[in-house]
Amino acid sequence: MGIRKILDDKDPALHKVCRPVEKFDAKLHKLLDDMAQTLEEANGVGLAAPQIGILRRVVIVDTGEGILELVNPELLETDGEQEGPEGCLSVPGRYGLVKRPYYAKVRAQDRDGNWFEAEGEELIGRCFCHELDHLDGILYTQVMERFLTEEELDEMSSDD
Ligand code: ZN
196 MGIRKILDDK
206 DPALHKVCRP
216 VEKFDAKLHK
226 LLDDMAQTLE
236 EANGVGLAAP
246 QIGILRRVVI
256 VDTGEGILEL
266 VNPELLETDG
276 EQEGPEGCLS
286 VPGRYGLVKR
296 PYYAKVRAQD
306 RDGNWFEAEG
316 EELIGRCFCH
326 ELDHLDGILY
336 TQVMERFLTE
346 EELDEMSSDD
């Protein structure tokens, strides 16, 4: 187990389409464990394998209810719309204004290859879309409206 280095958006790994996971073996389990440690250390909400240089379709999210592991995730359904600040561990210190679906439902495999579905609204919906985009080499900075200033961020967080 170990904490991996999170690559920034200048790294080519973040701009490539990732390949599906085919083997649900000890190597995958180690990757997922390392990703969980790395996400916890970085105090983030989600992490995709390409962010640590592994070009495989693996993401983890933790929106406050524990780590959810998504292997080979696919977006099944989205609904509604939300617009708000979004950040990324690979774009440190900056936030953008990003429009996302309000609700998202995904299908994915767990670490042993069993298919399951997961769904959520608000932060979870946003997070699923953000992390799945990473697997196709897309960063939020490519889909955002614009970067937010510190003042705008302060105002947005005081609204909650
Ligand atoms: Zn990200």
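The numbering used here applies: residue 196 is where the sequence shown begins, and numbers increase by one. Glycine included, each C-beta is placed from N, C-alpha and C at the ideal position.
Around the ligand ZN, the residues whose beta-carbon falls short of 7 angstroms from at least one of its heavy atoms are Gly241, Ala243, Gln246, Cys283, Leu284, Ser285, His325, Glu326, His329, Leu334, Tyr335, given in chain order. Pairing Gln246 with Lys300, the inter-Cα distance amounts to about 23 angstroms. At least 8 angstroms separates the beta-carbon of Val266 from that of Tyr335. Exclusion of the five residues before and after Leu270 leaves Ala299, Lys300, Val301, Phe323, Cys324, Leu327 as the residues of its chain whose Cβ lies within less than 8 angstroms of its Cβ. Contact between Gly282 and Pro296 does not hold, since the beta-carbon distance rounds to 18 angstroms and is not under 8 angstroms. Around His329, the same chain offers Ala243, Pro245 as residues with beta carbons nearer than 6 angstroms, after the five sequence neighbours per side are excluded. In the three-state scheme derived from DSSP, where H, G and I count as helix and E and B as strand, Val254 is classed as strand. Listed in chain order, the beta strand (DSSP E) elements of length 3 or more contained wholly in the segment 215-282 are 241-243, 253-256, 263-274, 277-281. Residues Lys294 of the same chain have their beta carbon placed closer than 6 angstroms to that of Glu278, with the five preceding and five following residues left out of the count.
Secondary structure within the segment 285-351: the alpha helix (DSSP H) runs of 4 or more consecutive residues, fully enclosed, are 318-330, 335-338 (chain order).
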